[in-house]
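Inspection log for the structure reproduced underneath, given as structure tokens.
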Ligand SMILES: Nc1ncnc2c1ncn2[C@@H]1O[C@H](COP(=O)(O)OP(=O)(O)O)[C@@H](O)[C@H]1O
Ligand SMILES: Cc1ncsc1CCOP(=O)(O)O
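In the working numbering, the protein residues as written are 1 to 333.
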């Protein structure tokens, strides 16, 4: 529970492996304190503001093939961002629509037979027409059908792959990456964000996608650069679709055509800032969800300047010259 937020005593508590954003520790080695200790650079603030503004001004048509649980929240999150949502998830239409849309989200949370036909059609079209697309491999690994589908569509070069730590570790494992132990539970993470760093980097390098790992301290990497995002609130984990709707939001930000690493950072920061605003006045998950949509609508450039917590992390690799170079180039972005 955050210091600014007083959750009703009857409300469910946040998931065990996650802590609130104002706490000075987390299960991740890189702590939320490190977000406070690493101010966001002025250049990064400007970049986030510019991408956020471009989304609001361009009203991107955002095509979602997503799970049945989160369609309502995801559509509302997109509207609040200034985007136009469209849930077009049947074969025979999804390819045509992906060609027309500004960006596409593929979320594999409830891959029914129709969606399993619509997904390959949509990603093939997105690739053919140069449209950015986001993959959210919900529950990958434990479940055979979505796992096969996730691996198959990696060939269509997603722009951003987003998931919790367990999903990213598992997707890297099942698609031929260096095997890493994972303890995910269905759609929930059982692994810390820090433990997913090697898998996220490898997955990014192997697929050419930016990989965004959500949790108490989000991680965003293109394989050679790493950014951390300290915005967010644990109440997002108590509203179904808190992670999946971030995928839709990421697609809208990717539609701007800017560097996908920076689009992902901007989306994570703005989404997290809105969550913080909502948590400050919510009484529990129900009111949080409503206030969250309000906050996504009302956040402005001043809020981004004051509250965005995005900072580079050095690459944990033998080649220190690369990591120093990458941190420097991000600061300059
Ligand atoms: N302990 C936490 N404190 C603050 N924000 C969090 C915390 N855990 C998750 N979040 C935020 O919640 C959103 C959804 O993340 P997550 O729960 O990891 O997704 P998923 O539903 O896919 O498991 C992200 O914006 C993330 O930053
Ligand atoms: C509950 C559930 N079951 C299949 S998909 C889904 C939604 C998960 O959404 P999120 O991980 O964003 O809460």
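Yeah, the Cβ is synthetic: ideal placement off N, Cα and C, and Gly gets one too.
Comparing alpha-carbon positions, which option in 149, 37, 139 and 176 lies nearest residue 165? Residue 165 has its Cα closest to that of 139, out of 149, 37, 139 and 176.
Whose C-alpha, out of 167, 113, 276 and 175, is nearest the C-alpha of residue 153? 175
Could you tell me the alpha carbon to alpha carbon distance between residue 315 and residue 171, rounded to whole angstroms? 21 Å
Which term fits residue 245, buried or exposed, when burial requires 16 or more other beta carbons within 10 angstroms of its beta carbon? buried
Tell me whether the stretch 123-132 and the stretch 97-109 touch, counting them as touching only if at least three CB pairs, one residue from each stretch, are closer than 8 Å. Yes, the stretch 123-132 touches the stretch 97-109.
Bridge-paired residues (DSSP) for residue 227: BP columns for residue 227 point to 220 and 312.
For a test of your reading of the model: does the CB of residue 306 fall under 7 Å from any non-hydrogen atom of ligand 1? Yes or no. With a cutoff of 7 Å, residue 306 does not count as near ligand 1, since its C-beta is closer than that to no heavy atom of the ligand.
Let me know if residue 145 comes out buried or exposed under the rule of 16 or more other beta-carbons within 10 Å of its beta-carbon. exposed
For a minimum of 4 consecutive residues, which ranges assigned as the alpha helix (DSSP H) are wholly contained in the stretch 55-139? 71-81, 94-100 and 113-128
Residue-level contact to chain C via CB, residue 157, 8 Å cutoff: No chain C is present in this structure, which holds just one protein chain.
What residues come near ligand 2, if near means a beta carbon less than 6 Å from any of its heavy atoms? 67, 69, 70, 109, 110, 138, 187, 240, 241, 242, 243 and 244
To the nearest angstrom, how far is it from the Cα of residue 190 to the Cα of residue 167? 9 Å
At a threshold of 7 Å, does residue 214 count as lining ligand 1 (C-beta to nearest heavy atom)? The answer is yes for residue 214.
Contacting residues, own chain, Cβ-Cβ under 6 Å from residue 126 (five flanking each side not counted): 98, 104 and 133
Checking the sheet assignment: what are the DSSP bridge partners for residue 212? 162 and 220
Give the C-beta separation of residue 48 and residue 310 to the nearest angstrom, bearing in mind that I take them to be a contact with Cβ-Cβ under 8 Å. 7 Å
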